[in-house]
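Undergrad: Chains as they are written, first to last, in the working numbering: chain G, 73 to 582; chain U, 73 to 582.
Beta carbons are placed, not taken as given, at the ideal position from N, Cα and C, and that holds for glycine.
#1: Tell me the DSSP bridge mates of residue 223(U)?
#2: Does any residue of chain U bring its CB to less than 8 Å from the CB of residue 408(G)?
#3: At a Cβ threshold of 8 Å, is residue 206(U) touching chain G?
#4: With 7 Å as the C-beta to C-beta threshold (strictly closer), list the residues of the region 130-144 of chain G near chain U in chain order.
#5: When you compare only the Cα positions, how much space is there between residue 89(U) and residue 114(U)?
#6: Is it right to say residue 392(G) is buried, meaning 16 or more other beta carbons lie within 10 angstroms of its own, or is it exposed?
#7: List the endpoints of the continuous beta strand (DSSP E) containing residue 284(G).
#8: Could you tell me whether any non-hydrogen atom of the ligand MG is closer than 7 Å to the CB of residue 281(G)?
#9: Go ahead and label residue 337(G) buried or exposed: buried means 16 or more other beta carbons lie within 10 angstroms of its beta carbon, across all protein chains shown.
#10: If you drop the 5 nearest sequence neighbours on each side, which residues of the same chain put their C-beta closer than 8 Å to that of residue 290(G)?
#11: Tell me the rounded alpha-carbon separation between residue 269(G) and residue 348(G).
#12: Is there at least one Cβ from chain U nearer than 8 Å to residue 432(G)'s Cβ?
#13: For a quick check, are the C-beta atoms of residue 96(U) and residue 143(U) less than 8 Å apart?
#14: Which residue or residues does DSSP assign as beta-bridge partners of residue 348(G)?
#15: Where do the N-terminal and C-terminal ends of the alpha helix (DSSP H) with residue 524(U) fall, by residue?
#16: Report buried or exposed for residue 420(G), applying the criterion of at least 16 other Cβ atoms within 10 angstroms of its Cβ.
#17: So, is residue 458(U) buried or exposed, given that buried needs 16 or more other C-beta atoms within 10 angstroms?
#18: Report the three-state DSSP secondary structure of residue 109(G) (helix, strand or coil).
#19: At a Cβ threshold of 8 Å, is residue 480(U) touching chain G?
#20: At a CB-CB cut-off below 7 Å, which residues of chain G make contact with residue 114(U)?
#21: Using alpha carbons as the reference points, say which of 527(U), 524(U) and 240(U) lies closest to residue 351(U).
#22: Compare the Cα-Cα distances from residue 301(G) to each of 307(G), 311(G) and 295(G) and report the closest residue.
#23: Output, in chain order, the set of chain G residues within a Cβ distance shorter than 7 Å of residue 146(U).
#24: Can you name, in chain order, every residue of its own chain whose Cβ lies under 7 Å from the Cβ of residue 346(U), other than the five neighbours on each side?
#25: What is the DSSP secondary structure of residue 569(U), counted as helix, strand or coil?
#26: Tell me which residues share the same chain as residue 562(G) and place their Cβ nearer than 6 Å to its Cβ, disregarding the 5 neighbours each side in the sequence.
#27: Using a Cβ-Cβ cut-off of 8 Å (strictly less than) and excluding sequence neighbours within five positions of residue 455(U), which residues of its own chain qualify?
#28: So, does the region 164-179 of chain U touch the region 158-165 of chain G, judging by three or more C-beta pairs under 8 Å?
#29: Can you check which of these residues, 542(U), 500(U) and 433(U), is closest to residue 288(U) by C-alpha distance?
#30: Look at the alpha carbon of residue 555(G) and the alpha carbon of residue 502(G), and state the distance between them as a whole number of angstroms.
#31: Which same chain residues, not among the five before or five after residue 66(G), have their C-beta less than 7 Å away from its C-beta?
#32: Taking all protein chains shown into account, do 16 or more other C-beta atoms lie within 10 angstroms of the C-beta of residue 316(U), making it buried, or fewer, making it exposed?
#33: Just curious, the alpha helix (DSSP H) that residue 204(U) is in, first and last residue?
#34: Determine, for residue 75(G), whether the minimum Cβ-Cβ distance to residues of chain U falls below 8 Å.
#35: So, is residue 186(G) buried or exposed, given that buried needs 16 or more other C-beta atoms within 10 angstroms?
#36: Please confirm whether residue 381(U) has its beta-carbon closer than 8 Å to some beta-carbon of chain G.
Written out as structure tokens, the structure reads:
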């Protein structure tokens with residue numbers, strides 16, 4: 073956007089980032105809060121984004137040998153209790169079903185029927201390791217049953233009080249993979265493979281650069297031996313954890329008795345993994361790309377690639393304009409990109425053209441086309457793109473336009489990734505001095521600090537207390553990045569001066 | 073299956089239909105009961121069926137202008153209370169969330185934290201009219217916002233004590249459409265249109281013939297003005313309601329204050345509809361087509377169309393057989409049918425060929441192919457089909473096989489529908505005498521009785537008490553069926569002798 077122009081979203085990112093985010097989500101019609109505390113309503117434009125995420129991820133899961141299945145929404149309390157760390161991690165904020173009936177109350181209205189109390193309370197799943205573990209224990213008998221590679225698309229509930237649309241809600245939609253293997257090596261390979269799937273999805277589809285690597289012990293999934301994550305940088309320079317993959321060792325197989333007979337006819341506990349990503353990805357997508365005019369959607373996940381609408385001058389040539397639009401929309405729909413046909417929205421609503429334009433800008437549709445009598449007469453198409461100023465336009469002949477638009481979409485997808493990568497890299501800094509770290513977070517706006525750490529939780533507490541920062545992960549050096557080599561250098565802990573074998577990524581986070 | 077052969081499923085349909093059903097579901101690996109009372113686990117083969125159902129239905133919903141969205145899992149008690157009939161229908165069997173935390177109990181272990189009691193109990197949605205109504209009230213302001221055409225894919229919970237896999241479970245997966253319109257006529261048109269979508273889906277995809285029409289007042293959805301259903305006949309001659317579409321009038325818009333400003337600037341309540349179908353469809357599919365050898369899947373919804381595996385004779389030409397199979401499988405995958413590529417499962421598991429064959433028979437894969445050294449040497453493919461005796465086989469040259477298999481799949485889809493239609497029609501009877509009705513249900517095995525009814529609930533009660541039968545619907549005459557015309561004849565109620573304008577469909581049901 074050119075300077076001095078008024079932007080469509082108020083406040084701007086610079087004025088109030090948190091409020092800007094809510095406003096972008098609202099203005100793009102992605103989601104809204106619901107009358108049920110902590111639960112959101114995902115509106116059609118937001119849900120279409122989720123459907124696109126689902127479709128592409130699901131394809132990647134199936135290509136790596138996984139099958140979908142569905143397990144119960146409820147987890148008996150006793151199941152959750154089987155793994156001590158796990159239950160401690162989730163018991164504090166869960167929805168508990170205690171009764172199965174309402175009856176008329178003494179003063180009219182309905183009350184919970186005290187006679188209909190469950191023998192054992194049921195927890196609405198916050199994650200499904202324990203219930204799926206109990207089922208896997210039946211499915212896994214022999215080494216022939218392994219590996220067992222399952223994924224579930226489902227809703228989960230974690231009783232959050234401070235919620236933000238997509239980023240943190242009591243109920244959210246996600247997928248959770250659960251696998252069982254005959255050997256530790258295989259399970260570790262699976263954990264790593266799915267982390268790579270998440271990273272590939274984030275970068276190639278969401279155009280969101282990520283770092284990937286193990287979390288520290290204090291940031292592990294409750295009950296896991298190792299947790300790996302992908303971490304992205306938002307435009308406020310805070311990190312967003314966008315997917316996690318857990319090596320669970322034999323912790324859950326011991327808790328759930330997932331045992332198998334080996335080829336040698338001995339019995340062993342299986343090695344399990346789990347991995348998940350959620351509607352939180354949409355929050356990451358919004359915060360990575362959007363600007364002060366609203367949502368920006370990477371074309372590869374866009375619910376619609378192109379929005380077209382007419383601009384009439386009185387009654388002049390109305391019919392011809394409508395025909396021209398319908399015919400051109402169909403020509404675009406015959407163009408395939410990334411394995412699917414272009415999605416084209418023809419917007420014939422009876423509202424002002426200017427309002428329409430800004431609506432599509434705010435919704436982040438990658439390409440906008442207004443067709444007026446002059447376009448029809450000239451046999452041309454005038455195109456505006458979401459990654460340029462709203463007023464910048466290019467005119468193509470109708471014949472060349474489909475190929476040009478296809479190229480614009482590809483360029484836009486690439487451009488968004490490059491811009492986000494540049495932003496991430498510009499805001500990543502090697503810091504070996506504790507005072508410089510303070511200045512980085514408190515004065516210079518923060519970002520990813522690559523620091524040496526002595527491996528102790530005490531130092532992690534100090535990072536948190538002093539700078540509200542946490543170790544995001546022990547990142548693998550990302551390819552093609554100038555500072556990548558600095559990650560694996562040895563040195564001395566920025567707090568204690570103790571030796572450190574490599575640098576870690578320290579940042580404030582969502 | 074030829075007579076005197078042992079069948080793969082025990083008991084057979086004739087021996088114990090209910091038990092046969094459970095056994096087919098189990099043997100096909102579709103689903104199983106879970107450790108959570110009333111909730112099922114949908115296994116990969118069953119879930120793949122559901123994914124195919126979802127994909128095709130979703131396409132039909134979108135083609136009729138609907139968009140997907142997602143609404144909260146929880147419904148505050150006060151919302152459910154807004155519509156009196158509605159709450160009466162669902163309060164008796166619902167899962168109630170009363171607390172949001174577990175804490176350590178005095179004797180160790182976890183207990184529900186009495187301090188974490190919710191101010192208002194939340195009901196796990198049994199259906200979402202009331203919560204979606206509250207949201208629609210915000211979305212609908214002007215006639216310009218109408219029609220509002222929304223669908224949701226979700227899980228719902230109704231606290232059932234007597235459950236059967238797919239047919240009746242406490243938690244199930246479904247889709248629920250919710251729409252709001254400016255006029256009664258439009259809402260009635262929508263109700264009818266979605267009933268037609270369900271009927272088309274049942275017949276064209278599931279190969280399951282259905283009757284469609286309004287339910288009687290006593291069988292209406294709680295809170296609806298009119299409920300329409302599709303009704304299929306299972307092989308035990310009982311009816312299965314497989315989808316419902318409700319005209320809700322202004323009942324829910326009054327309860328939820330869904331009001332809009334008309335063009336004339338007056339304010340009116342919107343007219344709403346809702347319509348749903350669920351994983352119960354899978355139960356209907358199983359009971360419509362399966363036989364005493366197990367599941368039979370209509371090819372159009374089959375998770376895999378073809379299963380291929382090798383039969384080795386010692387070590388002779390192993391490698392050549394495997395190559396032949398992989399190459400032929402890929403040739404099949406290049407064949408498109410019903411808008412998608414054929415799904416081919418190459419089964420290389422190290423188990424006996426005979427076991428493998430029966431496993432695929434029981435799973436209902438439409439076409440099975442065993443490849444041995446003689447097939448490779450002769451350049452042929454030997455094909456067995458699920459709609460013939462397991463031992464009947466046809467041999468094709470490899471070159472002609474893909475087209476032949478495609479034709480077999482089409483023929484099988486058509487054949488299943490024809491067989492099921494014939495069965496339904498053979499077991500549909502016009503009955504005008506009450507004693508003949510008794511004989512029909514109690515001695516002749518029942519079916520669909522086309523009877524005159526005086527329109528009173530008293531007569532419906534008598535049907536239920538005397539024959540455990542209910543009026544399934546006031547069916548539209550199905551096209552191309554001999555008895556269709558008999559539906560619209562006038563006559564006298566089979567119980568009271570009072571005049572009746574048309575016949576209704578009376579049957580025992582699931």
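TA: Here's the rundown:
#1: Here residue 223(U) refers to the residue found at position 151 of the second chain. Bridge partners of residue 223(U): 140(U) and 249(U).
#2: As a first step, residue 408(G) must be located in the first chain, where it is residue number 336. Closer than 8 Å: no.
#3: Mapped onto the second chain, residue 206(U) falls at position 134. Yes, contact with chain G.
#4: 139, 140, 141, 142, 143 and 144
#5: Translated into the one-based positions of the second chain, residue 89(U) becomes position 17. Translated into the one-based positions of the second chain, residue 114(U) becomes position 42. Computed Cα separation, rounded: 22 Å.
#6: Along the first chain, read from residue 1 onward, the residue named residue 392(G) stands at position 320. Exposed: under 16 other Cβ atoms inside 10 Å.
#7: Translated into the one-based positions of the first chain, residue 284(G) becomes position 212. Element bounds for residue 284(G): 283-286.
#8: With respect to the ligand MG, the structure shown offers nothing to examine, as it has no ligands at all.
#9: Translated into the one-based positions of the first chain, residue 337(G) becomes position 265. With fewer than 16 Cβ atoms within 10 Å of its Cβ, residue 337(G) is classed as exposed.
#10: To locate residue 290(G), count along the first chain from 1; it is residue 218. Here the set comprises 529 and 532.
#11: Here the question's residue 269(G) lines up with position 197 in the first chain. Here the question's residue 348(G) lines up with position 276 in the first chain. About 11 Å.
#12: Within the first chain, the letter at position 360 stands for residue 432(G). It does not; no Cβ of chain U falls within 8 Å.
#13: Your numbering for residue 96(U) matches position 24 in the second chain. Your numbering for residue 143(U) matches position 71 in the second chain. The answer is no: Cβ separation not under 8 Å.
#14: Taking the first residue of the first chain as 1, we reach residue 348(G) at position 276. Paired residue(s): 248(G) and 316(G).
#15: Taking the second chain and counting its residues from 1, the one referred to as residue 524(U) is at position 452. Run containing residue 524(U): none in the alpha helix (DSSP H); it sits in the beta strand (DSSP E), 520-524.
#16: As a first step, residue 420(G) must be located in the first chain, where it is residue number 348. Exposed, by the Cβ-count rule.
#17: On the second chain, position 386 is the one that residue 458(U) refers to. Buried is the call here.
#18: Position 37 of the first chain, counted from the first residue, corresponds to residue 109(G). In the structure shown, residue 109(G) sits in coil (DSSP, three-state: anything other than H, G, I, E or B).
#19: One-based indexing of the second chain puts residue 480(U) at position 408. Not an interface residue.
#20: Taking the first residue of the second chain as position 1, residue 114(U) is located at position 42. Neighbours of residue 114(U) on chain G, chain order: 141 and 142.
#21: Here the question's residue 351(U) lines up with position 279 in the second chain. That would be 240(U), whose Cα lies nearest to the Cα of residue 351(U).
#22: Position 229 of the first chain, counted from the start, is the residue given in the question as residue 301(G). Per the Cα distances, 311(G).
#23: Here residue 146(U) is taken as the residue at index 74 of the second chain, counted from 1. Those are 108 and 111, listed as they occur along chain G.
#24: If you number the second chain from 1, residue 346(U) lands on position 274. Taken in chain order, the residues that qualify are 201, 248, 249, 250, 318 and 320.
#25: Translated into positions along the second chain, residue 569(U) becomes position 497. Three-state DSSP puts residue 569(U) in coil, outside helix and strand.
#26: Locating residue 562(G) in the first chain gives position 490, where the first residue counts as 1. Around residue 562(G): 573.
#27: As a first step, residue 455(U) is located in the second chain; it is residue number 383 there, counting from the start. Around residue 455(U): 439, 440, 441, 465, 466, 467, 468, 473, 476, 477 and 480.
#28: yes
#29: Looking up residue 288(U) in the second chain gives position 216. Answer by Cα proximity: 542(U).
#30: Start at 1 with the first residue of the first chain, and residue 555(G) comes out as number 483. Start at 1 with the first residue of the first chain, and residue 502(G) comes out as number 430. So the alpha carbons of these two residues sit roughly 8 Å apart.
#31: Beyond the ends of chain G as shown, which are 73 and 582, falls residue 66(G); an answer cannot be given.
#32: Against the second chain, residue 316(U) aligns to sequence position 244. By the 10 Å Cβ count, residue 316(U) comes out buried.
#33: Your numbering for residue 204(U) matches position 132 in the second chain. 201-211 is the span of the alpha helix (DSSP H), which, as asked, contains residue 204(U).
#34: Walking along the first chain from the start, residue 75(G) turns up at place 3. Residue placement at residue 75(G) cannot be trusted, given a pLDDT of 48 that sits under 50; what the coordinates show is reported in the next sentence. Chain U contact via Cβ: absent.
#35: Sequence index remark: in the first chain, residue 186(G) carries index 114 (1-based). So residue 186(G) counts as exposed.
#36: On the second chain, position 309 is the one that residue 381(U) refers to. No, residue 381(U) lies away from the interface with chain G (no Cβ there is under 8 Å from its Cβ).
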